[in-house]
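Peer 1:
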Amino acid sequence: MQDKCAVCGIEGRKLFDTISNFRFLRLCSRCAFQEHATLIEKPTEEQIRKANTAYSVYERLAKAAGFEIKHNQLRKKKPKKLKFLQTLKKRLMRKSQIQET
Ligand SMILES: [Zn+2]
């Protein structure tokens, strides 16, 4: 890969892998900023760990609401999620009915 900025052509500077207007470009920091390019970064171990933590927080909240969520359930698409929300709503409604009586 060429080691110069795809916009200004500057060489010998640190280049960033970016996405700008749906194109993959290697840009210097100045052009990346001017183009409002999105930097592509490989996730660090730290970021992966944080992502996993965020996931388990969601899982904990779901469990607190009385749900056992299987890992593959979370990956499925909208219909399942909608069903999940509907079930949650039902459970909450049932809960409030118990409180009323
Ligand atoms: Zn540049």
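Here my numbering is used: the first residue of the sequence shown is -13, the next is one more, and so on.
The C-beta atom is built at its ideal place from N, Cα and C for all residues, glycine as well.
Computed from a predicted model, the values in this text were never measured in an experiment.
Closer than 8 Å to a non-hydrogen atom of ligand 1 - does that hold for the CB of Ile(-4)?
Peer 2: Numbered from 1 along the sequence shown, position 10 holds the residue referred to as residue -4. Yes, ligand 1 has a heavy atom inside 8 Å of this Cβ.
Peer 1: Just checking Leu25 against ligand 3 - is the residue's beta carbon closer than 8 Å to any of the ligand's heavy atoms?
Peer 2: Ligand 3 is not among the ligands present in this structure, which contains only ligand 1.
Peer 1: For Ser6, collect the residues of the same chain with a Cβ closer than 6 Å to its Cβ; drop the 5 residues on either side in sequence, then sort them by chain order.
Peer 2: As a first step, residue 6 must be located in the sequence shown, where it is residue number 20. Contacts found: Glu21 and Ala23.
Peer 1: Between the beta-carbon of Cys14 and the beta-carbon of Ile26, is there less than 9 Å?
Peer 2: Along the sequence shown, read from residue 1 onward, the residue named residue 14 stands at position 28. Along the sequence shown, read from residue 1 onward, the residue named residue 26 stands at position 40. Cβ distance not < 9 Å, so Cys14 and Ile26 don't count as in contact.
Peer 1: Return the CA-CA distance between Leu74 and Leu47, expressed in angstroms with no decimal places.
Peer 2: Sequence index remark: in the sequence shown, residue 74 carries index 88 (1-based). Sequence index remark: in the sequence shown, residue 47 carries index 61 (1-based). The alpha-carbon atoms of Leu74 and Leu47 are separated by roughly 12 Å.
Peer 1: If you check the beta carbons only, do Phe2 and Arg12 fall under 9 Å apart?
Peer 2: If you number the sequence shown from 1, residue 2 lands on position 16. If you number the sequence shown from 1, residue 12 lands on position 26. Contact: yes.
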